[in-house]
Amino acid sequence: MTTPPPAVSGVAVPPGGPVRVAVVGLGWAGREIWLPRLAAHPTFEVTALVDPQPAVRDTARDTHAVPFAYADVDDLPVGAADLVVVAVPNHLHAAVAARLLRRGVPVFLEKPVCLSAAEATLLADAERAGGAVLLAGSAARWRADVRALADAAAGLGPIRHVDVAWVRARGVPDAGGWFTRRDLSGGGALVDLGWHLLDTVLPLLGPATRITHAVGSVSADFVDDDAAHAVWRDPAGSVGAAAAPRGDGPVGGSRGDVEDTARGFLLTADGASVAVHACWASHEALDRTTITVHGVAGTATLRCTFGFSPNREPTPVLTRTRDGRTVTLPLPTEPIGAEYDRQLDALPGLLAAPASRGAAVAEAHRTIDIIERIYRTARPTEPEREHALAGQRDR
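Per this note's numbering, residue 503 is the first one in the sequence shown, and the count goes up by one each step.
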């Protein structure tokens, strides 16, 4: 599937001129989501591209009339951009962002912001050392229907439970590439889709709400099934800075060692609970996202489809139930991908706001802590890792 054309925003150009942006990483997200939108947005000027693959960066440079292109982020001259959008593969997110932050360059980092608590600490240290701000990709919370759900949930009294799920019928990404290699991606559906789900539900619970327990399970019944692949993604989506060698995967003849399905259950310090279901492939007919908020005074449910898959729920639906009566609440109509444009609208303000400093890292640390805890309960301990830990204990 081709990403829908970007909607040009009506946001005014900043008084000092457009925000100069460099895009690092021209895999699917960098090439199909961020670069076209940045190039079409009146508030931004794309001044440079960075990708190790010459053909990829030269094609993108010519397509969007970008003046400069480089092979490595260290080649990017100081002062060449006011903001760098980092969309490299998952395992490079924290390292590349930290290198830029330490140089004093503001960074907008695609999700997942980090793959471990240690990487979150690395980013926090780099942000402090360089004095530049880190902003994070979090498209789902910018959807109009998600905002409407949050408004509806605010009228339901204290939240007791939230059910949140993103279940694809078929949607295993880049089979045989980096997405399905744990050493390069950090995980499967939980890191990929689950990050969006947690980024949506945690604000509903409140920024100060502490998650005291997180458990879960994972499975991989579809990850090597050709029929479960995300055919709507451009097959070239793993080319460029994101590319990993194809061929036999890390587990024998398997092309992947990550989960295609993850289920988690969270408990908060004040007694609320959250059920999370992230699924790249299933027995469903359509790709769907559902979020149900159970409050003391009623429930609210949003049924829609996150992301760009064409195999989606035709129209988002938001309902509220009170005292045995369910009503459908109005939702604005918006094109697929509008949440990314809306986030770009907000970036200049976030870039300039003192309160942004440290906020993205704090949220990422909370999110990755939950993901790590779910994985610890879901995955059996690798024998090599257990052996190493036993050796350390014996010293």
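Yeah, the Cβ is synthetic: ideal placement off N, Cα and C, and Gly gets one too. This one's a predicted model, so the numbers in the text were calculated from it and none came from an experiment.
Distance, Cα to Cα, Pro-507 vs Arg-814?
With a pLDDT of only 31 at Pro-507, under 50, the local geometry of the prediction cannot be trusted, and no value is derived from it.
Less than 8 angstroms between the beta carbons of Asp-825 and Thr-807, yes or no?
Contact: no.
Going by C-alpha to C-alpha distance, which of Val-526, Val-548 and Arg-539 sits closest to Gly-519?
It is Val-548 whose Cα lies nearest to the Cα of Gly-519.
Three or more C-beta pairs closer than 8 angstroms, one from the segment 603-622 and one from the segment 579-594: is that the case here?
Contact between the segment 603-622 and the segment 579-594 is present, because at least three Cβ pairs lie under 8 angstroms.
Taking the continuous beta strand (DSSP E) assigned at His-663, which residues delimit it?
Here the beta strand (DSSP E) through His-663 covers 661-669.
Mapping the DSSP letters down to three states, classify Thr-879 as helix, strand or coil.
If DSSP states are grouped into helix, strand and coil, Thr-879 belongs with the helices.
Check whether the Cβ atoms of Glu-612 and Val-588 sit closer than 8 angstroms, and answer yes or no.
Yes. Within cutoff.
So is Val-829 buried or exposed if we call it buried at 16+ other beta carbons inside 10 Å?
So Val-829 ends up on the exposed side.
Whose C-beta lies closer than 6 angstroms to the C-beta of Trp-697 among residues of the same chain, with five residues either side of it excluded?
Same-chain partners within the cutoff: Lys-613 and Pro-614.
Name the DSSP beta bridge partners of Phe-724, please?
In DSSP, Phe-724 forms no bridge with anything.
Starting from the C-beta of Thr-791, find all residues in its chain whose C-beta is less than 6 angstroms away, skip the five residues before and the five after it, and write them out in chain order.
Cβ neighbours of Thr-791 beyond the five flanking positions: Trp-668, Cys-806, Thr-807 and Phe-808.
Hey, Leu-692 and Ala-596 are a contact pair by Cβ (cut 8 angstroms); roughly how many whole angstroms apart?
Not confirmed; about 18 angstroms, so no contact.
Just mark Asp-694 as buried or exposed, buried being the case when its beta carbon has 16 or more other beta carbons within 10 Å.
Classification for Asp-694: buried.
Which class does Gly-532 belong to by DSSP, given the choice of helix, strand or coil?
The answer is helix: DSSP assigns Gly-532 an H, G or I state.
Out of His-593, His-715 and Ser-721, which has the shortest C-alpha to C-alpha gap to Gly-868?
First, the residue type needs correcting, since residue 868 is Arg and not Gly in the sequence shown. The shortest C-alpha separation from Arg-868 is found at His-715.
Mind the definition here: the segment 620-637 touches the segment 852-859 only if three or more C-beta pairs lie below 8 angstroms; say whether that holds.
The segment 620-637, when compared against the segment 852-859, does touch it at the 8 angstroms Cβ threshold.
Confirm, please, whether the CB-CB distance from Arg-645 to Glu-865 is below 8 angstroms.
No.
Three-state secondary structure (DSSP) at Glu-761?
Three-state DSSP puts Glu-761 in coil, outside helix and strand.
Could you tell me how far apart the beta carbons of Arg-712 and Ala-771 are, in whole angstroms, since I believe they sit closer than 8 angstroms?
Right, their Cβ atoms sit about 4 angstroms apart.
Kindly list the residues whose CB is nearer than 6 angstroms to the CB of Val-666, restricted to its own chain and excluding five residues on each side of it in sequence; keep chain order.
Within the same chain, Val-666 has close Cβ partners Leu-699, Val-703, Val-778 and Ile-793.
Looking at Leu-651: is its Cβ nearer than 8 angstroms to the Cβ of Ala-802?
Their beta carbons are under 8 angstroms apart, which means Leu-651 touches Ala-802 by this criterion.
For the alpha helix (DSSP H) containing Thr-565, list its first residue and its last residue.
It spans 556-566 - the alpha helix (DSSP H) in which Thr-565 sits, taken as one unbroken run.
State the DSSP-derived secondary structure class of Thr-821, mapped to helix, strand or coil.
In the structure shown, Thr-821 sits in a strand (DSSP, three-state: E or B).
Taking just the CA atoms, how far does Pro-816 sit from His-785?
If I take the Cα positions, the gap works out to 18 angstroms.
Can you tell me whether Ile-713 is helix, strand or coil according to DSSP?
In this structure, Ile-713 counts as strand in the three-state DSSP scheme.
If you follow the alpha helix (DSSP H) that His-698 is in, where does it begin and where does it stop?
Per DSSP, His-698 belongs to the alpha helix (DSSP H) from 691-707.
What do you get for Asp-560, buried or exposed, if any count of 16 or more other CB atoms within 10 angstroms of its CB means buried?
Asp-560 should be labelled exposed.
Using a 10 Å radius around the Cβ and a threshold of 16 neighbouring Cβ atoms, would you call Ala-655 buried or exposed?
By the neighbour-count rule (16 or more Cβ atoms within 10 Å), Ala-655 is buried.
Taking the DSSP output, what are the residues bridged to Gly-639?
Gly-639 pairs with nothing; no bridge assigned.
Which complete alpha helix (DSSP H) runs does the segment 558-621 hold, if anything under 4 residues is left out?
As far as the segment 558-621 is concerned, its whole alpha helix (DSSP H) runs of at least 4 residues are 595-604.
Smallest Cα separation from Asp-472: which of Arg-672, Gly-639, Trp-680 and Val-725?
The first residue shown for the chain is 503 and the last is 897, placing residue 472 beyond what the model contains.
Whose C-alpha, out of Leu-820, Trp-536, Phe-681 and Asp-653, is nearest the C-alpha of Gly-758?
Looking at the Cα atoms, Phe-681 is the closest of the given residues.
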